[in-house]
Ligand SMILES: [Zn+2]
């Protein structure tokens, strides 16, 4: 039996604890002890009897699992949620980029990202990889809500909505990294947008900067047919091969989407230890395609799940992301057993931590890991009975079933409510939305 410490800051009791370690160790009547933002013990309830805790979180028979790691998001893009629906990636980008140019400032990014972070926290996310302009505002939003954040400077080959010409952009990147190397809860990545918005020379420059700063790379790649055509025109090859030429296909790199891959590219990603963030909500809505998840996993590639921004996937819901990932993999292969529910939950937790370079620190409930965990209540009609907790999470539960969330030891959601106020951000996003679409949302001509 696990030996619990005599005292701890927080004790989570009475839960079906899924540790999500490699062996899928679970404690049907389990407890988790937390001190100083770290997990100090995980085991059967019996072993935790008599532990003195400053705070007790009673899971009331619900599921306790590591907080979700959302490996691809643009949180502030909640500002454009539902603004450009019913069109493919190129048309979507045209509409969203126009709205961004007119309305994105550090101040509106702070408001939008605060809402995005709040939405994710309420849905059981404890860490997010976020790519967006004005990343200092995203850092502030994540700290306010209490989420862990992987963030970094965005690189795009033209001036962009942050109005940074290339030399200034590179200088900003170095300054940003220096500024946030020691920011609590913040992990760093350089974030080139994609091979279709950057030429070969700039991509190679970013790789050199990544080497010099010791900061890995997160980039969109092989998302949609229109992108494949653009990259063929600009680089004469596929996005993966263009990134390979630039030196980016290497351990530590995290690709968003990676939908359109040939067999050789799948083998290359697996061999080089490149991770991918599968974003099924966005891929399905924009008709981008179906990622070759089965083949990537069989090849041994690192796979994880992302929501993408709320302007393409429309919400930041990791439960829907898990379910759609499972359903799309099943439909694409005709194999109902292609991706068992517990492997999907692993992708959303441990897999996310590995993909974002946090293996051994996050994504598993074990002593020494960051105290990032989510409690999912099981007392509502749609979750009764629960024969298999992984199946319940993937195929029946939703984010409104999340009761409590702890991130780095801090309780950020309690009884289904945020522990931090976000009213000013809500008001500000409403104001911005009224300016973006004063007469309602414009619809495309069909
Ligand atoms: Zn994206």
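Numbering (our numbering), first residue to last: 3 to 448. Each residue gets a CB set at the ideal place from its N, CA and C atoms; glycine is no exception.
Here residue 155 is buried: its Cβ has 16 or more other Cβ atoms, across all protein chains shown, within 10 Å. The alpha-carbon separation between residue 309 and residue 222 amounts to approximately 13 Å.
Judged by beta-carbon spacing, residue 276 lies within the 8 Å limit of residue 255, meaning their Cβ atoms are closer than that value. Around the C-beta of residue 262, 16 or more other C-beta atoms lie within 10 Å, and the residue is accordingly described as buried.
The set of residues with any CB-heavy atom separation to ligand 1 below 6 Å comprises, in chain order, 74, 76, 222, 258, 310 and 311.
By alpha-carbon distance to residue 147, the top candidate from 124, 252, 81 and 330 is 124.
Residue pairing for residue 277: DSSP places it in a beta bridge opposite 256 and 304.
When DSSP states are grouped into helix, strand and coil, residue 8 belongs to the coil group. According to the DSSP assignment, residue 170 belongs to the alpha helix (DSSP H) that extends over 168-182.
Look at residue 405 here: in three-state DSSP terms it is strand. Looking at the backbone, the Cα of residue 157 and that of residue 332 are separated by about 36 Å. In the displayed model, residue 428 falls within a helix according to three-state DSSP. DSSP places residue 287 within a helical segment (H, G or I) once states are collapsed to three.
If you look at residue 189, you'll find it in the beta strand (DSSP E) that goes 188-190.
Residue 96 counts as exposed, since fewer than 16 other C-beta atoms from the protein chains shown sit within 10 angstroms of its C-beta. Contact between residue 270 and residue 205 fails: their C-beta atoms lie close to 17 Å from each other, not under 8 Å.
The residue from 49, 36 and 40 with its alpha-carbon nearest to that of residue 55 is 36. Nearest in C-alpha terms to residue 6, of all of 33, 115, 23 and 26, is 33.
By the neighbour-count criterion, in which 16 or more other beta carbons inside 10 Å mark a residue as buried, residue 336 falls on the exposed side. Per DSSP, residue 234 is one residue of the alpha helix (DSSP H) stretching across 227-237. Residue 240 is positioned such that its CB atom lies closer than 8 Å to that of residue 224. With 16 or more other Cβ atoms from the protein chains shown falling within 10 Å of its own Cβ, residue 311 counts as buried. Nearest to residue 411 by C-alpha distance, out of 374, 268, 251 and 318, is 374. Residue 335: member of the alpha helix (DSSP H) spanning 320-335, first to last residue. Here residue 30 is exposed. Its C-beta has fewer than 16 other C-beta atoms within 10 Å.
Going by C-alpha positions, residue 416 is about 5 Å away from residue 406. In the DSSP assignment, the residues bridged to residue 40 are 37 and 372. Residue range 91-105 is occupied by the alpha helix (DSSP H) that includes residue 94. Close CB contacts of residue 48 within its chain, under the 7 Å cut and outside five residues either way in sequence, are with 3 (chain order). Only residues of its own chain outside the window of five on either side were considered, and among them 147, 420 and 424 have a CB closer than 7 Å to the CB of residue 120, listed in chain order.
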